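Residues in the sequence shown are numbered consecutively from 2, following my numbering.
Beta carbons are placed, not taken as given, at the ideal position from N, Cα and C, and that holds for glycine.
Keep in mind that this is a model prediction, so the values were computed, not measured.
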Amino acid sequence: MRPAPALFTIGHSNHSLAHFVLLLRQHGITAVADVRSSPYSRWHPQFSRDNLSEALHAAAEIEYVFLGRQLGARPDEAELLTADGRVDFERLGGSLPFQNGVKRILKGLESHRIALMCAERDPLECHRGILIAPRVLPLVESLDHIGPDGGLETHQQAEERLLAGLHLPNRDLFRTHAELLREAYSRQEERIAWRKDVPDSQEPERI
C-alpha cells in the first residue's frame, strides 16, 4: 500500500496570527487540523477556534478542522486512564475514535497539505509528537515538525533528540534502537501526559 503524502505538525505557542500564517504559507500548508482537546486559549485568544478559523480563511484561504475529539489527549473514558488517573497513550492510540481521526487525516491528505496543530512549541512536549506522530509516521511519506523560525525537523530527528534529552544512547549492545525508542516514548509520556486529578491551572507551562 502506497503511503499517504507528507504530513506536518506545528505548535501555535505564543505566536502572533500573522507569524503563524507566515509559517504555514512558507510550507504550502492548505489545511490545519486542530488536535487540542479544547480548542480555546485563555492566554492567546487569537488561537481560539472561531478566531483562528476565520483568520486562516481570510488571510490565506487555509482550511481549518477541529479533530480534538478524535485526536486530543484528554479523554473522558475511564478505560483510557491508568490507575493513577493519567491518560494511557497506548490505550488511547488503539481506541476507535483515535483510529477514525487518523483515517480522516489520511483521507484529507489526498487533497490538502495538512499541519496538525496543538499549543506547545516543541513537539516532544506535546501529544502530537509523543502520541500521534509515531502512530502516523509509518502511514505517510514523511512527517516534519515546523519550528518557530520556519525550520523543519523530521520526526526521526525529533526521536534522536528525545533519546539524547533522556540520556539514552541511540545504540546499545543489549537493546535495539526500537527498544530504546519505546523506553524513551514511555518515559516522556509519563512526564507530559494529562492527569485527570490535576487542575488546568497546575498543569506545567510548555508553550
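- Our two residues, D35 and L25, have alpha carbons roughly 14 Å apart in a direct line.
- If the five residues before and after K104 are omitted, its C-beta is found closer than 8 Å to no C-beta atom of its own chain.
- Taking L82 as the centre and dropping the five residues before and after it, the same chain places the C-beta of V88, D89, K197 closer than 7 Å to its C-beta, in chain order.
- For E191, the closest alpha carbon among the candidates L153, I30, E91 is that of E91.
- Annotation for A56: the continuous alpha helix (DSSP H) segment containing it runs 50–61.
- An exposed status is given to F175, since fewer than 16 other beta-carbon atoms sit within 10 Å of its beta-carbon.
- Considered as a whole, the segment 104–191 harbours 134–137, 156–166 as its complete alpha helix (DSSP H) runs of no fewer than 4 residues, in chain order.
- Under the three-pair Cβ rule at 8 Å, the segment 53–63 does not count as touching the segment 136–152.
- Counting C-beta pairs closer than 8 Å gives fewer than three between the segment 62–77 and the segment 150–160, which falls short of the contact rule.
- In the DSSP annotation of this structure, G94 is not part of any beta strand (DSSP E); the continuous alpha helix (DSSP H) holding it starts and ends at 90–94.
- Sequence-distant Cβ neighbours of F21 in its own chain, meaning closer than 7 Å and more than five residues away, are H13.
- Residue burial is scored here from C-beta neighbours: L97 has fewer than 16 other C-beta atoms within 10 angstroms and is therefore classed as exposed.
- V66 sits in a strand when the DSSP states are folded into three classes.
- Closest in C-alpha terms to S42, from the list E180, E160, H16, L167, comes H16.
- DSSP places I11 within a strand segment (E or B) once states are collapsed to three.
- Counted as a single uninterrupted DSSP element, the alpha helix (DSSP H) harbouring V22 occupies residues 18–27.
- In terms of CA proximity to W44, A120 leads the group A120, L107, Q100, E111.
- Taking the CA atoms as reference points, P76 sits about 10 Å from F99.
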